[in-house]
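Worksheet: one structure, shown below.
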Amino acid sequence: MKLNRAIVRTPSASVVQGLRATGGPDPFLDGFQREHAACLAAVEAAGLAVTVLPPLQEFPDAVFVEDPALVFPNGAILLRPGAPTRAAESQALEPALRERFDTVLALERGHVDGGDVLVTPERTFIGVSARTDPAGAEALIDLLAVLGHRGHIVRTPSGVLHLKSACSLLDEETVLVTASLAASGIFDGYRLFTVPEGEEDAANVLRLNHVVLASAAGPRTLDLLDRHGFTTLPLQTTELRKLDAGLSCLSLRWWADDHQTATARASPAIPGAPGQPLRQDQQG
Ligand code: CIR
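Residue numbers for the sequence shown follow the numbering used here, so the first one is 59 and each next one is one higher.
See the structure below:
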């Protein structure tokens with residue numbers, strides 16, 4: 059993916075009270091902060107100029123900025139996150155998006171979490187889940203069409219929070235998937251790499267320009283990616299996982315044509331990437 063901009067949000071101390079589907083212990087704040095900082099450093103090292111938004115104590119999950127919005131080179135879409143405690147996160151993000159995008163559309167009905175949306179060149183998959191409902195998915199299809207994308211509704215597999223908990227786009231035609239998602243047939247026509255059994259959590263990776271950020275907890279998945287020629291960067295995800303989160307959740311990424319910063323001038327031009335590099339309007 060050719061990307062040069064990102065937005066992240068500093069975790070607030072309240073992140074330890076973040077949502078989790080099946081109970082489990084609170085994450086350690088210092089460990090969470092370290093994992094977040096390492097992810098931010100990796101996004102910057104991949105050549106993206108990163109805006110870091112301030113922490114929001116009143117919204118424990120606001121650090122997961124992927125969920126309240128979608129961003130494209132030609133516009134942003136404010137979503138309606140499905141968890142009541144996260145509903146107002148899109149309003150909190152809106153000013154930052156309006157500063158950066160001429161076109162900011164807003165979902166008017168239903169609910170969609172950005173984690174349920176996988177953008178590929180051919181179509182944008184919207185997973186109906188515990189957070190994303192059919193009404194929201196239908197409404198999102200109309201907004202995506204305004205920005206030139208074709209939405210396609212699928213079902214997020216049971217047992218995972220979001221569609222992208224179980225899959226990630228690696229290049230224009232390749233998706234990293236769990237075995238159950240591969241078997242569902244929704245990605246027929248794509249080249250699929252299936253994560254090894256027992257490493258389902260490692261299916262959430264983040265392709266940024268020449269590098270793929272991937273969980274250090276998935277050594278066989280890292281091997282698989284290495285064998286296929288991807289340059290991987292393993293990152294700790296122990297505390298993130300306690301809140302059902304992965305590496306994609308912590309940022310919004312896009313390509314901005316007017317990017318002028320030294321960071322972008324110094325960024326590598328997708329060298330040695332397997333498959334075809336994605337066009338600049340396409341991202342996972
Ligand atoms: C939540 O349950 O909403 C957060 N604790 C985790 C959100 C992870 N986001 C993502 O997968 N896109």
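Built from N, CA and C at the ideal position, the CB exists for glycine as well. Here the structure is a predicted model, which means the values were calculated and not measured.
9 Å Cβ cutoff met for residue i and residue j
| i | j | result |
| --- | --- | --- |
| Asp-173 | Arg-189 | It is Gly, not Asp, that sits at residue 173 in the sequence shown. Yes, Cβ-Cβ distance for Gly-173 and Arg-189 is below 9 Å. |
| Gly-209 | Arg-181 | yes |
| Arg-63 | Ala-314 | yes |
| Asn-267 | Cys-225 | no |
| Leu-98 | Val-66 | yes |
| Gly-194 | Gly-217 | no |
| Leu-136 | Ala-164 | yes |
| Asp-171 | Asp-229 | no |
| Asn-269 | Ala-104 | The identity of residue 269 in the sequence shown is Val, whereas the question assumes Asn. Contact flag set, yes. |
| Leu-264 | Ser-223 | no |
| Arg-144 | Asp-119 | yes |
| Ala-275 | Leu-291 | no |
| Val-162 | Glu-152 | yes |
| Val-186 | Thr-214 | yes |
| Pro-113 | Ala-141 | no |
| Leu-198 | Ala-154 | no |
Inter-residue spacing [alpha-carbon to alpha-carbon] between residue i and residue j
| i | j | result |
| --- | --- | --- |
| Glu-166 | Ala-107 | 30 Å |
| Pro-69 | Glu-93 | 10 Å |
| Pro-329 | Leu-227 | Its pLDDT being 33, under 50, Pro-329 is placed unreliably in this model, and the coordinates cannot settle the point. |
| Gly-243 | Ala-237 | 11 Å |
| Asn-132 | Glu-258 | 33 Å |
| Gly-256 | Pro-85 | 22 Å |
| Arg-78 | Asp-302 | 6 Å |
| Phe-122 | Gly-304 | 9 Å |
| Val-235 | Leu-250 | 7 Å |
| Asp-200 | Pro-192 | 13 Å |
| Phe-90 | Leu-298 | 7 Å |
| Thr-319 | Trp-312 | With a pLDDT of 42 at Thr-319, under the threshold of 50, the modelled position of this residue cannot be trusted; read the value that follows with caution. In a straight line, the C-alpha of Thr-319 is about 15 Å away from that of Trp-312. |
| Asp-281 | Leu-293 | 14 Å |
| Glu-196 | Leu-176 | 15 Å |
| Pro-233 | Leu-221 | According to the sequence as given, residue 233 is Val; it is not Pro. One C-alpha to the other measures close to 12 Å. |
| Gly-76 | Leu-308 | 14 Å |
| His-286 | Ile-184 | 27 Å |
| Lys-178 | Asp-284 | Lys is not the amino acid found at residue 178; the sequence shown has Thr there. Between Thr-178 and Asp-284, the C-alpha separation is close to 22 Å. |
| His-317 | Glu-116 | Only weak support is given to the placement of His-317: the predicted model assigns it a pLDDT of 46, under 50, and the value that follows is read from those uncertain coordinates. Looking at the two C-alpha atoms, the distance is approximately 33 Å. |
| Leu-61 | Tyr-248 | 22 Å |
| Gly-83 | Thr-295 | For the record, residue 83 in the displayed sequence is Pro; it is not Gly. If you take the alpha carbons of Pro-83 and Thr-295, they lie about 15 Å apart. |
beta-carbon residue i near the ligand CIR non-hydrogen atom, thresh 8 Å
| i | result |
| --- | --- |
| Pro-139 | yes |
| Lys-222 | yes |
| Ala-303 | yes |
| Gly-185 | no |
| Ala-104 | no |
| Cys-225 | no |
| Ser-72 | no |
| Ala-79 | yes |
| Gly-172 | yes |
| Gly-82 | no |
| Glu-255 | no |
| Ser-306 | yes |
| Phe-86 | no |
| Phe-90 | no |
| Arg-311 | no |
| Asp-259 | no |
| Asp-119 | yes |
| Gly-76 | yes |
| Phe-159 | no |
| Asp-191 | no |
| Leu-219 | yes |
| Glu-116 | no |
| Glu-124 | yes |
| Asn-267 | no |
Boundaries of the alpha helix (DSSP H) in which residue i is found, first to last residue
| i | result |
| --- | --- |
| Leu-298 | 296-300 |
Span of the beta strand (DSSP E) around residue i
| i | result |
| --- | --- |
| Arg-63 | 63-67 |
| Arg-311 | 310-312 |
| Thr-289 | 289-293 |
Near the ligand MG: residue i beta-carbon under 8 Å from a heavy atom
| i | result |
| --- | --- |
| Arg-144 | Summarising the ligand content, the structure contains the ligand CIR and does not contain the ligand MG. |
Problem set entry | Length at least 3, wholly inside the segment 203-277: the beta strand (DSSP E) runs in chain order | Counting only runs of 3 or more, we get 209-213, 225-229, 232-235, 249-252, 264-266, 269-273.
Problem set entry | Contiguous beta strand (DSSP E) assignments of at least 3 residues, all confined to the segment 117-202 | For the segment 117-202, whole beta strand (DSSP E) runs of length 3 or above, ordered along the chain, are 127-130, 133-136, 162-164, 175-177, 182-186.
Exercise. Can you list the beta strand (DSSP E) stretches of 3 or more residues lying completely in the segment 86-114, in chain order?
Worked result: Here the runs fully enclosed are 107-111.
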